[in-house]
Ligand code: SF4
Ligand code: SF4
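Residue numbers (our numbering): 1063 to 1540.
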């Protein structure tokens, strides 16, 4: 399977493949915002909870999603700037295998499976092509395929191969449960690297006998992990898919959690995160309990007063789509798999445009590192040059995986012409942020497109509301 455009910058600070287990900290910090939903606490201040007890709930199209406690602890409710969160003072580090009911793939019903995944905190790890978000718990249009994505290319998300090697049995167990969520004769589409890769080969050997399983090898090119890109590519590769067939997606760490939940009765309680980037003194994969403070992900050298590496901005997520996280109050949450340490702005390089760029990479082949293959060690929070107007270089267009022309969308939006932007395909943007990353003029294209789409959505809602109130009035007047 191929994608249009795409780009993976070569950056220094790639996390090592081994996974280090971090000890459980004394206090876990949990956000009550997850996947665009606000959870309401169902525990009281000072209440003692056991590992796996439900802490908070959110409703999703008629169903209820729960947040399980990652440890036995005493709960403190925190309100900060109108946002609620929980602090858990850990009383017992143990996990309780079989805390929830255990199942066998052949015996569980779809209804039971949905309930167990909603209770165990796993359901929000699914994505649906119908909504572009978490599928509804009461969804009646079942998916024709579920994509299991083992390839994460954004620098530096927890690598699929690392997760596969570490949790092979749980992942295979998880995959065996997935057909319960499908329509009859639906398929599981597994996204892997080339077949000759030893981990991929293991998967082909172990699952090749399953009639419902299909394998796809993909290039290691960002944003191949984007579920919209993957679902479009799968539709194209198989003519039996109709336009309105629903496809769901989940990544390999999600399937691992699903296997642990259904086969072993465990809630979602830990994550493997990649702590990397040029600002991390010892980039690695870490297995941490959910709620672990971000400070625990730093190496000694990264801590204030620790010495060597420069102070870093910490991004939750990878380099391209990551959002800054507070290095003091931030913590690993239920969906996290990456924390990128970006060195804070250093002094500006003198006559940098005259340098060959052995330590820099760019989408344009303008630096020597394109020949030497050396990773970028010079990247920092400092933008390379000031923001400039669009110079019509066309780089955004060649990289866009959705085959859009971002510079044209940008021009329409600059002159506030939402209609024209919509006609030019604004809604097809998959929000990958690649255009923003590579734009030499540093234009925040993705942010602009996201805001414009939201504005269009609100306008459509207003029009629909006005039309329905008009038709109600007409009915009343008859
Ligand atoms: S990459 Fe930036 S400068 Fe180049 S065409 Fe696109 S918007 Fe314009
Ligand atoms: S226009 Fe959208 S899909 Fe295309 S590169 Fe930009 S963010 Fe990605």
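For every residue, glycine included, the Cβ atom is placed at its ideal position computed from N, Cα and C.
No experiment lies behind these values; they were computed from the predicted model shown.
N-terminal and C-terminal residue of the beta strand (DSSP E) that residue i is part of
i	result
residue 1211	1207–1211
residue 1064	Where residue 1064 is concerned, there is no enclosing beta strand (DSSP E), given that its DSSP letter is neither H nor E.
residue 1351	1346–1351
residue 1081	1081–1083
residue 1377	1374–1378
residue 1311	1309–1313
Residues near residue i in its chain [Cβ-Cβ closer than 7 Å; skip 5 each side]
i	result
residue 1344	1361
residue 1436	1420, 1421
residue 1123	1198, 1199, 1200
residue 1468	1458, 1459, 1462, 1497, 1507
residue 1398	1333, 1335, 1378
residue 1483	1471, 1474, 1475, 1514
residue 1222	1212, 1213, 1214, 1314
residue 1329	1114, 1130, 1161, 1162, 1182, 1183, 1323
Euclidean distance between Cα positions of residue i and residue j
i	j	result
residue 1237	residue 1473	45 Å
residue 1217	residue 1281	15 Å
residue 1070	residue 1191	25 Å
residue 1386	residue 1537	52 Å
residue 1320	residue 1450	47 Å
residue 1359	residue 1337	6 Å
residue 1491	residue 1523	20 Å
residue 1242	residue 1395	28 Å
residue 1133	residue 1085	12 Å
residue 1147	residue 1064	42 Å
residue 1213	residue 1230	15 Å
residue 1204	residue 1245	5 Å
residue 1117	residue 1087	19 Å
residue 1352	residue 1391	14 Å
residue 1440	residue 1292	32 Å
residue 1402	residue 1530	47 Å
residue 1290	residue 1517	21 Å
residue 1383	residue 1400	11 Å
residue 1533	residue 1173	38 Å
residue 1202	residue 1304	17 Å
residue 1478	residue 1511	12 Å
residue 1431	residue 1438	8 Å
Opposing strand residues paired with residue i [DSSP bridges]
i	result
residue 1142	1145
residue 1400	1336
residue 1278	1253
residue 1091	1149
residue 1343	Beta-bridge pairing links residue 1343 to no other residue.
residue 1129	1118
residue 1154	1134
residue 1100	1095
residue 1437	Note: residue 1437 sits in no beta bridge, so no partner.
residue 1385	1378
residue 1393	1355
Residues near residue i in its chain [Cβ-Cβ closer than 6 Å; skip 5 each side]
i	result
residue 1079	1224
residue 1405	1340, 1341, 1372, 1374, 1442
residue 1115	1131
residue 1099	1120
residue 1457	1425, 1500
residue 1251	1207, 1209, 1276, 1296
residue 1269	1275
residue 1278	1063, 1253
residue 1307	1206
Own chain partners of residue i with C-beta closer than 8 Å, once the 5 adjacent residues on each side are dropped
i	result
residue 1108	1136, 1137, 1138
residue 1068	1281, 1283, 1284, 1285, 1286, 1461, 1463, 1496
residue 1215	1070, 1282, 1283, 1284, 1285, 1286, 1287
residue 1486	1466, 1467, 1470, 1471, 1474
residue 1233	1225, 1226, 1314, 1317, 1318, 1321
residue 1126	1119, 1120, 1180, 1199
residue 1186	1096, 1097, 1099, 1127, 1196, 1396, 1397
Range of the contiguous alpha helix (DSSP H) that encloses residue i
i	result
residue 1264	1260–1269
residue 1472	1468–1476
residue 1481	1480–1485
residue 1224	1222–1228
residue 1177	1172–1181
residue 1514	1507–1539
residue 1502	No alpha helix (DSSP H) contains residue 1502, which DSSP labels as neither H nor E.
residue 1329	Careful: residue 1329 lies outside any alpha helix (DSSP H) and carries neither H nor E.
residue 1292	1289–1299
residue 1195	Element bounds for residue 1195: n/a, residue is neither H nor E.
residue 1461	1457–1461
Cβ pair count under 8 Å reaching 3, the stretch 1260–1267 against the stretch 1295–1302: These segments do not touch.
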